[in-house]
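K.L.:
Mapping the sequence shown onto full-length UniProt numbering, position 1015 (from 1) lands on 1015, and the numbers just tick up by one.
Don't be surprised by glycine CBs; every beta carbon is placed ideally from N, CA and C.
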Amino acid sequence: MIRDHLPPWLLLASREQRDALRQSLIASSNSRHEVRQMMAKLQSPAQFLKPLLEHAITVNFQLTLDVEQATFVHEHKNDYFFGLISVQGTTTEQTLLSAALHNFDESLTSADAFGAGSGIYLTPGARDGKTPIKPEEFALVCRNLDFGSLYQIHLRSILAVPTQPDGTVDGTTQDVLIKSYKDAFAVAIHLAVIQQEISTACQRALLDVLHDRYVVRYGTQPCSQLEFLGMDVSEVLVIGLDAEDGTSPCIVYIPQDPIRPLARYGSIKDFEDELNRRLLSPGYRQFFSRFLPLSHQGKLLDQMIGRALRQKWAPKTGPIPWAEPVFLALHPIKGNVFKSLRDQRVRQIERHGREVVVPTADIDTQARQELRAAYAKAGLSALLLAASFIPVIGDVLLIFTGAQLIKEAYQGFDAWRRDEKVEALNYLMDVAEQVAFMGASAGAVKAGRFVNSLLPVKLSSNRFALWKADLSPYRQSLELPETLLPDEQGLYHHQGKHYLSLDEQLYEVGTVAPPSGWSIRHPDDPWAYSPPLLQNGSGAWRTLHEKPQDWSDLKRLRRLGPVAAGTPPEDLAPILHASASDSNLLLELHRENQAPPAQLIDTVKRFQLDRQIQHQRLQGSPPNNDSPALSFTAEQHTPEQFEDLYQQSEQVEGPLPEQIRQDFPNLPKSYVQALEKSINPVEARQILNQKSLLSYLKDEAELSMQNVDTARLHEGLYLHTTFNPASDQLAFQTLEALPGWSGDVRLELYSGTLADPPIASVGNDSAATVRRLLREDSRYRVYDADGKQILAPSDLYSAIGHALPETELDNLGFSGANRTRPLKQSLIQKITQLGASPTSVRRIPASPISPPYRPGRPLDTHFAQKTPPSDLTALGDDLYRGAFSRHYIEEGERYYQVEPSALGWKLIDARNPFRFYRPVLRRRDGHWEINTAIGLKGGAPGPGHSKIQLSETSMVSALEYVKPEPFTREDLLRMKAIKSYQRQPNRMGEYDRVNNGRYPLRDLSGNPLRIRKIQHMSEITDSGVRYQAKDILPYLKWENHEAVAQLYEEKLLLRQFTAEDAKFPQESSMIGQAMVVARKPLSAGEAIGVYGGNFIPFHVSNARRDPFVIDVLPGPLPDKPTWDRLVLTGDNIISRINSIFEYEGRLPVRQAGSGYNVEGATFPVDVEIAEGRLEPFVLSGFFTTRDVPADEELRWNYGYSEAGTRITFAAPETSLETPSPSQPPSSQE
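#1: I'd like to know whether the C-beta atoms of N103 and V358 end up nearer to each other than 7 Å.
#2: Which of helix, strand or coil does DSSP assign to F1108?
#3: Please report the Cβ distance between S583 and A711, rounded to the nearest whole angstrom; I am assuming they are in contact, meaning their Cβ atoms lie under 8 Å.
#4: Can the beta-carbon of E54 be found closer than 7 Å to that of V67?
#5: If you check the beta carbons only, do V1167 and L1009 fall under 7 Å apart?
#6: Considering Cα atoms alone, identify which of L177, Y750, R1104, F916 is closest to T734.
#7: Would you report the Cα separation of L155 and V356, rounded to the nearest angstrom?
#8: Any idea which residues DSSP pairs Y780 with across the strands?
#9: Note down the Cα distance separating P739 from P822, rounded to an integer number of angstroms.
#10: For T861 and N536, what's the separation of their Cα atoms in angstroms?
#11: Please list, in chain order, all residues of the same chain as V1112 whose beta carbon is under 6 Å from its beta carbon, the five residues on each side excluded.
#12: With respect to the beta strand (DSSP E) encompassing H522, which residues constitute its N-terminal and C-terminal limits?
#13: Comparing alpha-carbon positions, which option in G743, S199, D470 lies nearest S531?
#14: Can the beta-carbon of P845 be found less than 7 Å from the beta-carbon of G1199?
#15: Which whole-angstrom value describes the C-beta separation of K460 and W527, a residue pair presumed to lie in contact below a C-beta threshold of 8 Å?
#16: Using DSSP bridges, identify the partner residues of E227.
#17: What would DSSP say about R1125, mapped onto helix, strand or coil?
#18: Evaluate contact between the region 603–617 and the region 708–726, counting only Cβ atoms and requiring at least three cross-stretch pairs below 8 Å.
#19: Going by Cα to Cα distance, which pick from Q648, D362, E990 is closest to S1135?
#20: For G1204, is the classification buried or exposed, using 16 other Cβ atoms within 10 angstroms of its Cβ as the cut-off for buried?
#21: By the three-class DSSP mapping on this structure, what secondary structure does V457 have?
#22: Kindly indicate the opening and closing residues of the alpha helix (DSSP H) around N30.
#23: Relative to the C-alpha of Y265, which residue among F967, E433, P249, L330 is closest?
#24: Return the CA-CA distance between I120 and S107, expressed in angstroms with no decimal places.
#25: Does the beta-carbon distance from S840 to T1208 come in below 7 Å?
#26: Pairs of beta-carbons, one from the region 670–677 and one from the region 563–576, closer than 8 Å: are there three or more?
#27: Looking at the structure shown, is R821 part of a helix, part of a strand, or coil, going by DSSP?
#28: Counting only the same chain and skipping the five closest in sequence on each side, list residues whose C-beta sits under 8 Å from that of Q729.
#29: Run through the UniProt domain "SET" (1050–1199) for me and flag every whole alpha helix (DSSP H) of 4 or more residues, listed as ranges in chain order.
#30: Under the rule that 16 or more other beta-carbon atoms within 10 Å means buried, what is L484, buried or exposed?
#31: E1039: which of P1114, H76, Y999 sits nearest, CA to CA?
#32: Between the Cα of L206 and those of A864, A56, F338, R854, spot the shortest distance and give me the residue it belongs to.
#33: Taking the C-alpha atoms as reference points, what is the distance between G353 and K824?
#34: Considering only residues of the same chain and omitting the five flanking positions on each side of K334, which have a CB-CB separation below 6 Å?
#35: Report buried or exposed for F437, applying the criterion of at least 16 other Cβ atoms within 10 angstroms of its Cβ.
#36: In angstroms with no decimal places, state the Cα-to-Cα distance between G1089 and P1114.
Written as structure tokens, this is what we have:
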């Protein structure tokens, strides 16, 4: 590409000429870098003046004002010219910063100069916010402080030539401006020679000037500076002119001239004519004005040139002849040429500074009054002049000769780093050298790392150039009003322009032709490359060249739009945890330009609201979690305020959103909006007509609410200004999952009064130390076992830290005075870890029942992709695999994204890929359709699904058993004891035979739940068999504890595992643990009992890593169960039967495919929860799959997933021992 941009004159030059040009380009680039570094030290007038003025106001008037908002209002008593506007008996208003910039006449230090309405006001246009500062006092302060003189000192400190302590110029320090002038001049010479603009004789003369040989003779004069219409023209050189007659040829150097920077003219008259022609172009006038005083730029220059040209070319009529205007005049330079240029430019900059920030000594002069009038006529304000001061200086000091050659190949070159420019210039000249030597057959030139990183981009001129993917040069210095809010796309509209905030930087954007639609505009160069933008329509933007895979997770979150832009780093992990999001999701959102999931939007908003409330309560001080003030705020927080503000932000508008809210009042706004997008127009009309959501949408909304409940649970762990008791209960019950927890102390959590049963507890029943935590609103009191209060109301973590003995805190690793914060962090970390781990709940493997055929539904075309996916691989049956392992189907010339599931392919809605509704598909008659028989709620029970009523007579066993060891009276009493899961930790290695006599289903408090109905046939098992319920009825006999226990013990025996029992070498780790064997020979298909135990919330079993948990609810167990989902922790002998695994090394990785002699079968049951109220559950019965001889160990398939197996048998946190491969390690291991 660079080869295509090389000009012929460069290829035709000699190698020596190209080498000289290369060296001069690199030298000029480096010296420009030095000047840029010097420029970086210069403060703009506003930057310099603002802090000084605000400090002066504080010191003199004991007030704190924003000088860019507060205004100086002058109500004139009589005719008076003030500021930049001519007034008469009127009122003028300007900001305090603007007023201080141009200073005050001495007459304005008197109260007589101001009318009654004059004063200092807080905001523009408002007359009800008048401050006590008198206008004459403010004017006097500005005059006395003399900001203009202070700014002159600032300018001189940056621009002054380095000197030695005695005041002489330091000869060892090179003046960066002079070096920059000389290096740019050298480039101009070499370019002019190669382009044959000057002769060899001219080149020698110019090199004499370059090398400071003062006797330069190419005419009769050395060098001269130019004067244009009476104004000094900085940096422009005229060489070789005879000042007497003006007939000798001359060489004119105009730095960076877009037409001819260095050229020879026959005479100064020829140059004047050429310059006049160029100045007819507005673009060239704008360029040439950089060499003129600031007071004569823009409109002033246009007016002067127009007037002069009219005088020059107007017909010469009338009796009195007039002299033509003198466009050009010359002033010979005495001494060093480049030092003279430098001194002239510095004087001009200082003069510009005096015009913008006016010293007190200048304010009353006649020249200043005339300048004010000129500015007013040209429409220039003090603030506008101040804002343009630094850019104008940059234009004149940063001389860029050879720019056209470089810009042909590189876009944005001037903004690159020094080393990047050098590498790019060398590469450019290397390519030119190779093409010049080898012509069209030239091969590729090896590029460095930086050049290789450049991107080829197409410019507005339809040519290509190499561009560095860096948005820094495109940043806007503009500050938007704080009250300005973005639109739905995330754009800010201000003064007729569109602005976008990316990574806390502001950019102007504009529309371009598709497919991009929008691009970023350069603040200064209208011809610069405009990086195209991609967006998701919901506030997330990125440039086409950005790579989200290279971003941090924090940047990915912040770039989701204005709602997340200000997310502090410490909120990243909590937001991802609470919203069930992760790094992969954030990457996918940006890679696919998708709108964020509804829950992520809602969670980010709630975290932002929490920060906002904290910030307000700290009265403007930055939020800091370690701040004592914040701790006090947290203690005083009112969740009602949070909820009120949240609800204010949750208002929805429109008939359809309002109907969704009517059906589901608590569904967050983000979910409502996502659901609305998923409803097609026909459905929308149907919903509005029937004033109710469609049934499948109600199902989806219910699933959404479950998702919201889980998010609220986890949000409550982090948010300071709202409270969720369930979050505290979750954290409390996670205590026993912490590494180092001994259980030797018992903590009980109460709500209401200590007289009520505890709502949660941790630790052993027999623990010597007992502490009770009583919740009152969102605070907790701590009591000892005798009911004595030992801690006043505090937050949960402080209460726990105070309740635990020192020894237990040491075991947990929390030593020192401040334990609350690390304790909370450890509990949240453990909750996050447990939530991210695959579940290890036992499941009964079963063969799916073939559903009855129902006619399918055609695919909803609104689910289709807007644009066909690319790079598809056909898999057959109109199924395709695309990028990122995605799958698509083609139906009716449309493409739909699908995902695999156990039920078949599920359809994903392209409008909202994160919605819960994903109907199952099937292939029929060569077409894809929605399978209405599965994946949806409802449907009548199939054959074999009727339930039978349980009666005592149906539970009598017909077998004659040999009675095992009898139970003692104490055993029988314990069988009847009521013990909740809280008082009965179910740990590895623990087994109590009396549990066989307890009823198999017991609620959270330990009360038996009587089964009233049971399906007479089981669901089809993994082996394809269905078992009869009558065979397990003897194990369900109500309040016949001893008889039921004997049923188990007459068939089964629990004994110690030995080396001879190991099926594989890896099972040697099981030696010494428990195993269940047949006490006597068992026949194939014989019932051996049911899986019995206590109900337990999933989050508690997960925290405990309970090894004996099984599912008891109808329907499939989700991969991520809700925190309060009921599961059953098995405690009878059936729960102690081992399983078989496949191994990698010493650790199990997946369930074995065969080798089992027992299998489970699920029976739907109706359980009496309260008198007359039945609820459905699932009971697991167990049967032999073949004849089992006496003393053979029983094994069954736990149904663990491979991920669940790996996490269950992973190395424990606090022990190097290998866990048993047959049963999960306990939380203590």
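P.N.:
Working from what's here:
#1: A contact, by the Cβ cut-off of 7 Å.
#2: F1108 falls in the coil class under three-state DSSP.
#3: That pair is no contact at about 18 Å.
#4: Cβ distance < 7 Å, so E54 and V67 count as in contact.
#5: Yes, these two residues count as a Cβ contact at 7 Å.
#6: Ranked by Cα distance from T734, the options L177, Y750, R1104, F916 are led by R1104.
#7: Just so you know, the alpha carbons of L155 and V356 end up roughly 13 Å apart.
#8: In the DSSP output, where bridge partners are listed per residue, Y780 has R775, S794.
#9: About 14 Å.
#10: The alpha-carbon of T861 is positioned some 21 Å away from that of N536.
#11: Once the five neighbours on either side are set aside, the close Cβ partners of V1112 are L1128, F1177, V1178.
#12: No beta strand (DSSP E) holds H522; DSSP gives it neither H nor E.
#13: The sequence given here places Pro at residue 531; Ser does not occur at that position. Answer by Cα proximity: D470.
#14: Result yes, Cβ atoms of P845 and G1199 sit closer than 7 Å.
#15: A small fix is needed here, since residue 460 is Ser in this sequence, not Lys. S460 to W527, Cβ: 7 Å. Contact.
#16: Its beta-bridge partners are D232, A329.
#17: DSSP places R1125 in coil when its eight states are reduced to three.
#18: Taking 8 Å as the limit for Cβ pairs, the verdict is that the region 708–726 does touch the region 603–617.
#19: Closest by alpha carbon: E990.
#20: Buried.
#21: Strand.
#22: Looking at the DSSP string, the run of the alpha helix (DSSP H) that includes N30 is 15–40.
#23: It is P249 whose Cα lies nearest to the Cα of Y265.
#24: In this structure, the alpha-carbon of I120 lies about 18 Å from that of S107.
#25: S840 is a Cβ neighbour of T1208, given a cutoff of 7 Å.
#26: Fewer than three pairs of CB atoms, one per stretch, sit closer than 8 Å, so the region 670–677 makes no contact with the region 563–576.
#27: R821: helix per DSSP, three-state reduction.
#28: Around Q729: L749, I759, A760.
#29: Every unbroken stretch of the alpha helix (DSSP H) spanning 4 or more residues and falling wholly within the UniProt domain "SET" (1050–1199) is given here in chain order: 1098–1104.
#30: Result: exposed.
#31: Closest by alpha carbon: Y999.
#32: The shortest Cα separation from L206 among A864, A56, F338, R854 belongs to F338.
#33: Cα to Cα, the separation comes out at about 58 Å.
#34: Cβ within range, chain order: n/a, list empty.
#35: Exposed, since its Cβ has fewer than 16 Cβ neighbours within 10 Å.
#36: Their backbone Cα atoms lie some 20 Å apart in a straight line.
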